[in-house]
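Note that my numbering has the sequence shown beginning at -11, numbered continuously upward.
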Amino acid sequence: MRQSTEIPQLPQEVIDMIIGFLWSDKESLCICSQVARHWLPSSQSLLFHKTSVSLSDYKPGRLADFIDLLHSSKQIGRYIRCLILHGPNDPVFSDPCTLEIEVVEVISPKLPNLSRLVLGGVGLIIPNASRAKGSFLPSLKCLSLRYMEIFGELSSVLRYFARVDNLELINIFTERPQRVSPKVNGIAISPEYPGIRSLKLQVDRDARSRSIHEGIQLESLLELDFSFSEPAHLRIISPIIRNVPRLRHLKLCLDAFQHGPFGLSITFTNFFTLKFDHYLFVDPPERWTELNLTSLTSLETLSIVFRLQLRLTPRDHAIWSSVTSLLSSAPSTLSNVTFSDMTLNFFRYEEKYLELHDWKSLEQSLSRFSQLQAVRIIIGFGADEDELTAMGGSREIFEKSRAIIQQQLRDLHVKGKLEVGLKGDEYGP
């Protein structure tokens, strides 16, 4: 097959099938290149446009094979649009293998069309800043760092990749489960990143004693996505909100499922949505006074979404105090608000759960926005009969709750157009 010159004459479906088999289990990139060397360019592109290379110790030759492949076949590098360099698949029970980031710079000339680079499960070694000169990876738009052990400060990673001229998005997921912890020793984002428009950052509980430096200036940043595991991490994001004048989208995500007793996701945007996802709210509202939206002067649309997964307690009613606190600091330019609650999908449909919705409080909070054009409220009812029984509920209670919600919403008075939706097929986070 390697020597065949008839491969290009095979039906495209057959070639695509072969590509699928090879890509699903590429034990040797060099073998793949030998097999594909007589293929049509379009077929080679399908095979190599997304290339994954293992750096694990049990396959020590993979990176070397890949580098040899790039040097021996100039065409292959042109086809690669997404490159994934990853360590062991199980970061819990395996130590991350190390990767000197300069390797990426060395192979950069062979990857002229690479638009996305993913580094995962590796120990990233960053050279001294004084040694890093000139730009590289001319087509790179997105950089993702997942489950990393960074030897040095995370700011050194940002400084290093600031030399990528067209980079627009950086995804940084520093969390590594259980025994392997990240080293986020202070995240300093400075004005030297003129092209970065979007930054996604995730920290875990090991970051509780660390913070981002106050002097954050990202003039071109339009989107910031921040995932965290504890309410105390809100102090990390506050300085960024104050110092990103052109920010168009900010998302805060507090994840409860792996790290703590509750989870929360908030999104602020000045042209599409501000989304507030509430999973398990047990934190006092005073925590949210640290968030001030005053500097988001162009904020137009606000979306609030609840997904409770805990039986209600008196403390859960603090949700509305927190929402009110956020709304009180939002700019008066808000024109669209969406409130979505999928809470009723998870637990018994009883009237006490309906007490959570203090609609009058929300109504009063929204009254200060003189430019409000539309308010959209979505309530999810997504459990079938078996799920209702498993949760200790019944169809009668479900229907009663639905009727009460409908009546409450009919009595709600807000400026602008009011849209109400009761969805029966959306449940689960």
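Beta carbons are placed, not taken as given, at the ideal position from N, Cα and C, and that holds for glycine.
The DSSP-derived three-state label of Arg66 is helix. For Ser123, the closest C-alpha among the options Lys98, Asn101, Gly111, Glu93 is that of Glu93. Among the bridge pairs identified by DSSP, Thr312 is matched with none.
Under the three-state reduction of DSSP output, Ala362 falls in the strand class. Out of Thr312, His74, Arg236, the CA that lies nearest to the CA of Thr285 is found in Arg236. Taking a contact as a CB-CB distance under 8 Å, the pair Pro115 and Asp153 does not count as one, their CB atoms being some 19 Å apart. Secondary structure at Phe54: helix, using DSSP grouped into helix, strand and coil. The beta carbon of Arg69 lies closer than 8 Å to those of His37, Lys38, Asn101, Leu102, Ser103, Arg104 in the same chain, with the five residues before and after it left out. Arg50 sits buried, since 16 or more C-beta atoms from the chains shown fall within 10 Å of its C-beta. Going by C-alpha positions, Asn231 is about 12 Å away from Thr282. Ala150 and Arg356 have their alpha carbons spaced roughly 42 Å apart. According to DSSP, residue pairing for Ser42 in a beta bridge involves His74.
The alpha carbon of His59 has as its nearest neighbour, out of Gln352, Glu156, Pro97, Leu322, the alpha carbon of Pro97. Here Leu131 is near Ile158, since their CB atoms are less than 8 Å apart. By the neighbour-count criterion, in which 16 or more other beta carbons inside 10 Å mark a residue as buried, Thr289 falls on the buried side. Using a Cβ distance threshold of 8 Å, Pro319 and Leu287 count as a contacting pair.
Taking all protein chains in view, the Cβ of Thr86 is surrounded by fewer than 16 other Cβ atoms within 10 Å, so the residue is classified as exposed.
Sixteen is the threshold: when 16 or more other Cβ atoms of the shown chains lie within 10 Å of the Cβ of Glu211, as they do, the residue is buried. Taking each of Trp347, Ser323, Ala391, Ile365 in turn and checking the Cα distance to Ser358, the smallest one comes out for Ser323. For Arg230, the three-state secondary structure derived from DSSP is helix. At the C-beta level, Leu397 and Ser353 stay beyond 8 Å of one another. Closest by C-alpha distance to Ile365, out of Ser313, Ile393, Lys388, is Ile393.
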